[in-house]
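Quick note, this note's numbering runs 1018 ahead of the 1-based positions in the first sequence.
Positions of the beta carbon are idealized from the N, C-alpha and C atoms, including for glycine.
Encoded as structure tokens, the structure appears first; notes follow it.
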Amino acid sequence: MRFELEIAPIDLDLTLGCGQTFRWERGLDGSWSGVLQDQAIRLRQIEGLIQAEATPGREDVSESILEFLRSQDDIARIQSKLRKDRVLAPGIKRMQGLRIVKLDEWECLISYVLATYANIPRIMKMVEALAANYGDPITRMRRSFPNRSQLSRAKAKDLAKLGLGYRAKYIEALCELFDDESLSTLSRVPYENLRRELVELPGVGNKVADCVSLFGFGRLESFPIDLWIERALKRLYRQTGTYNHLRGFAASRFGEYAGYAQEYLYHNERMRARNLGCAFSEE
DNA sequence: GCCCAGGAGTGTG
DNA sequence: CACACTCATGGG
């Protein structure tokens, strides 16, 4: 099944390639393949249009793609607010097409617990290993991300063998704590409360709680601080200190759309490290 | 071989 | 509060 979607502005390469998602891969032809719920999906960008193909024989999945790509976000409004920041202003227009994605809460929680102290290629490998071993088959190539009951069949020892290392015990513990529905009860909780709940979970600290708040629960005011963001805040804003200090700084500086500011800073910092240019002024 | 990675947990001063 | 140390391992 094939259909077209209008989302503007959007840049698929930026959105799916900037490290928010761990199951989307860019093919040699420039298309992106990934999995949403129990469907394998291929997206291709042609100018401002998104062409989508889903697993044959399934119903229309355009709604889940629109939700995944947060098609309702008013990028113009978000950027005009963030442009008031003199550091962001010079460069963010070039990242107009970068959209925060909306991930499944459970998949997001597990993925970002795995993401601790690992690089992105390795995170992708770990996430894919969970799908390959515990998810439902969708196509010859791909499986769904395992839900809680599927993943709870895994024991920490098995998971460690899949290359998860010390993270295996956290995954096992998280499966014990939840059933298939209980995470979604947090979906209407205000950000600060949600975050307080999340940091109590095994393997979840400040940074992972903010990633899950942002990408899993769609709280755009969340501002995850990893090593790259820490560097960016130091370099561009002369800010150092504890996580909570930096988080407070970001909240007062970027406000309700701090999550978008974070993605701009994150992407910029990584591109800069690879000598692929710097969007923001250095002064 | 070396350094680093979308950190978290635990213990100590 | 701040820091130090450990955790396992693959990617560049």
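State buried or exposed for residue i, treating a residue as buried only when at least 16 other CB atoms are found within 10 Å of its CB.
i: residue 1186; result: buried
i: residue 1263; result: exposed
i: residue 1301; result: With a pLDDT of 44 at residue 1301, under the threshold of 50, the predicted position of this residue should be treated as unreliable, though the coordinate-derived value follows. With fewer than 16 other Cβ atoms within 10 Å, it is exposed.
i: residue 1303; result: Because the chain spans 1019 through 1301 in this model, residue 1303 falls outside it and cannot be assessed.
i: residue 1090; result: exposed
i: residue 1111; result: exposed
i: residue 1093; result: buried
i: residue 1276; result: buried
i: residue 1022; result: exposed
i: residue 1148; result: buried
i: residue 1162; result: buried
i: residue 1197; result: exposed
i: residue 1221; result: buried
Which residue or residues does DSSP assign as beta-bridge partners of residue i?
i: residue 1070; result: 1021 and 1061
i: residue 1044; result: 1050
i: residue 1155; result: 1161
Would you kindly check if the distance between the Cβ of residue j and the Cβ of residue i is under 8 Å?
i: residue 1272; j: residue 1141; result: no
i: residue 1267; j: residue 1257; result: yes
i: residue 1019; j: residue 1074; result: yes
i: residue 1106; j: residue 1282; result: yes
i: residue 1085; j: residue 1120; result: yes
i: residue 1234; j: residue 1127; result: yes
For residue i, which of the options has the nearest alpha-carbon?
i: residue 1122; options: 1030, 1179, 1106 and 1088; result: 1088
i: residue 1044; options: 1062, 1104 and 1146; result: 1062
i: residue 1206; options: 1218, 1236 and 1191; result: 1236
i: residue 1033; options: 1046, 1115, 1204 and 1096; result: 1115
i: residue 1117; options: 1028, 1259 and 1131; result: 1028
i: residue 1035; options: 1099, 1126, 1138 and 1132; result: 1138
Query raised in the report: Below 8 Å, can you find three or more Cβ-Cβ pairs linking the segment 1050-1067 to the segment 1147-1158?
Result: yes
Query raised in the report: Does the count of Cβ pairs from the segment 1076-1083 and the segment 1217-1234 closer than 8 Å reach three?
Result: no
Query raised in the report: Is it a yes or a no for the segment 1144-1152 touching the segment 1174-1184, going by three-plus beta-carbon pairs under 8 Å?
Result: yes
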